[in-house]
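Mapping of the sequence shown onto full-length UniProt numbering: position 110 corresponds to residue 110, and the numbering continues sequentially without gaps. Backbone N, C-alpha and C fix where the C-beta goes; we use that ideal spot for every residue, glycine too. These numbers come from a predicted model, not from an experiment.
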Amino acid sequence: MTAKIVIAGSGFAGFWAAISAMRVISQENKENSIKVILISPRPNLTIRPRLYEAKLDNISPDISKQLAAVGVEYIAGEIQNIDTDAKLLTVNLANGNQTTLVYERFILATGSQLNVPPVPGFDRYGFDVDSLETAHRLETHLQTLKNKPETLARNTVVVVGGGLTGLESAAEMPARLKAILGETTEGRVFIIDSESTVGAGMGAEISPVIQQALTECGVELRAGLRVKAISHDGVTLSNGEYIESNTVVLATGVKASFLTEQIRGERDASNRIISDNYLHAQAVSNVFVAGDTVKAPTDNQGNHNLMTCQHALSLGRVAGYNAAAELLGLPLHPYSQLKYVTCLDLGAWGALYTEGWHRKIHHIKQEGKKIKQEINTKWIYPPELEKNELFAIAAPDYVIVP
1 MTAKIVIAGS GFAGFWAAIS AMRVISQENK ENSIKVILIS PRPNLTIRPR LYEAKLDNIS
61 PDISKQLAAV GVEYIAGEIQ NIDTDAKLLT VNLANGNQTT LVYERFILAT GSQLNVPPVP
121 GFDRYGFDVD SLETAHRLET HLQTLKNKPE TLARNTVVVV GGGLTGLESA AEMPARLKAI
181 LGETTEGRVF IIDSESTVGA GMGAEISPVI QQALTECGVE LRAGLRVKAI SHDGVTLSNG
241 EYIESNTVVL ATGVKASFLT EQIRGERDAS NRIISDNYLH AQAVSNVFVA GDTVKAPTDN
301 QGNHNLMTCQ HALSLGRVAG YNAAAELLGL PLHPYSQLKY VTCLDLGAWG ALYTEGWHRK
361 IHHIKQEGKK IKQEINTKWI YPPELEKNEL FAIAAPDYVI VP
């Protein structure tokens, strides 16, 4: 009987979990004994860190070729139900049918989605760059602005949230507006951050640099405030200020996939399952968690993975290896990721590259921008390689950031 490793999700963690699992299965010559199946709505890996950009070309590459090259079976669909006691998955197939799959090991890597706060008007009038579809929706909306009468609301964009996505979206927006509305148009871009100063959540050392960069890009800062309501022509802030705007972009953080709720165990405030060092879901058997669905220690200093592709790339490799290793009776590989870097795109100003959890600045402006472009267009993309070349960079201890 062929054992099945089923992986849910084709993002950074899911893709590399599949390649990593097949790598060790191939090394042990057990391809006829263990099958790896990956399930996702489409055989694509969306480069989510690039969704704040205006141009969305080649931002969701097809991974069918790579999966086929290593022997992973792909199923187009979405998991509706996880029965961890019966080790049974109910899958809604893309063709409209429904099927069930029994697994020997299951890897949950279905990522995260925008955490929309319960504020009136957010769901109706807000835009976001959380998925390829919503990023396209925002760009389509921005392009239509040039056909509308010139008003303060038309010419103003409000970005809500001061995390990575909010900062990058805001920094990019003045140039996007000028490209659409014309260089002479008086466009305005605001960023609303609930922290005491804009960018404070990124650390005391770099927040002044972020503020300077945003200001140079033409972004107006509103710190220590929250949005109380959104209407079709503006936002009301917690201090009573009203900003006229037809474009409100939400970057209010993310929460783990709803499928985490179907797996017993402790979860954090972002709905992530808290795993052990081997990425097991601790309260159930035969289930691993990777990417944005898991909270795991990255070192012995008290640090844990963030909901970023940087961590997902490693988490997927380790989860895939361990799922296969358990079935093969091999030693498991503990997850660790000692090096952490941040590369923040700040529009026309350039980019900010830092290292370490305290975010020590190493490169800024155009030097940082070159690194950011290298990361976003090369490092994190699924490589178009053959089987053995893919396996060579799929080991659980493969270093993502040199």
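Taking 8 Å as the cut-off, the beta carbon of tyrosine 103 is found closer than this to the beta carbon of lysine 4. A straight-line Cα-Cα distance of about 7 Å links glutamate 205 and lysine 360. The beta carbons of alanine 175 and isoleucine 191 sit about 15 Å from each other, so the pair does not count as a contact at 8 Å. Around the beta carbon of glycine 320, 16 or more other beta carbons lie within 10 angstroms, which makes this residue buried. Under the three-state reduction of DSSP output, glutamine 80 falls in the strand class. Separation of the CB atoms of aspartate 193 and alanine 223 is rounded to 5 Å, and the pair is thereby assigned contact status at 8 Å. Contact between the region 13-21 and the region 54-72 is present: 3 or more CB-CB pairs across the two stretches fall below 8 Å.
By DSSP's assignment, aspartate 345 forms a beta bridge with Ala351. At a Cβ-Cβ threshold of 8 Å, valine 287 and serine 112 do not count as neighbours. Rounded to whole angstroms, the gap between the alpha carbons of valine 129 and serine 60 is 14 Å.
Cβ contact annotation for serine 270 (same chain, cutoff 6 Å, sequence separation greater than five): Lys255, Ala256, in chain order. Excluding sequence positions up to five before and after glycine 265, its CB lies within less than 8 Å of the CB of Ile273, Ile274, Ala281, Gln282, Ala283, Val284, all in the same chain and listed in chain order. If you ignore the 5 residues before and after leucine 237, its C-beta comes within less than 8 Å of the C-beta of Ile192, Arg222, Leu225, Arg226, Val227, Lys228, Ile243, all in its own chain and listed in chain order. Distances from the alpha-carbon of valine 248 to those of His232, Glu261, Gln262 put His232 closest. Counting along the chain, isoleucine 107 sits inside the beta strand (DSSP E) bounded by residues 105-108. For the set Leu114, Glu31, Ala179, the Cα lying nearest the Cα of arginine 48 is the one of Leu114. By the neighbour-count definition (other C-beta atoms within 10 Å, threshold 16), arginine 124 is an exposed residue.
Between valine 401 and the set Leu352, Phe391, Cys309, the nearest pair of CA atoms involves Cys309. About 6 Å separates the Cβ atoms of alanine 296 and leucine 279, confirming a contact at the 8 Å cut-off. Close CB contacts of alanine 325 within its chain, under the 8 Å cut and outside five residues either way in sequence, are with Val24, Pro331, Leu332, His333 (chain order). In this chain, the alpha helix (DSSP H) harbouring valine 209 covers 207-217.
Per the coordinates, the alpha-carbon of alanine 312 lies some 25 Å from the alpha-carbon of leucine 93. Straight-line spacing of the CA atoms in valine 91 and glycine 234 works out to 41 Å. Glutamine 143 and threonine 151 have their alpha carbons spaced roughly 15 Å apart. Contact between the region 208-219 and the region 348-356 is present: three or more C-beta pairs spanning the two stretches fall below 8 Å. Serine 314: not part of any beta strand (DSSP E); member of the alpha helix (DSSP H) spanning 309-328, first to last residue.
Every unbroken stretch of the beta strand (DSSP E) spanning 3 or more residues and falling wholly within the region 134-171 is given here in chain order: 156-160.
Residue pairing from DSSP leaves threonine 377 without any beta-bridge partner.
A straight line joining the alpha-carbon of serine 26 with that of phenylalanine 15 spans about 17 Å. Counting every other CB atom within 10 Å of its CB across the protein chains shown gives leucine 145 a total of 16 or more, marking it as buried. Where lysine 387 is concerned, the enclosing alpha helix (DSSP H) starts and stops at 387-392.
Annotation for lysine 360: the continuous beta strand (DSSP E) segment containing it runs 360-363. Here alanine 76 has Ala94 as same chain residues with Cβ atoms under 6 Å from its own Cβ, once five neighbours each way along the sequence are excluded. For serine 231, the enclosing beta strand (DSSP E) covers residues 227-231.
Apart from sequence neighbours up to five positions away, the residues of its chain that approach glutamate 389 with a beta-carbon distance below 8 Å are Pro383, ordered along the chain. Arginine 23 sits in a helix when the DSSP states are folded into three classes.
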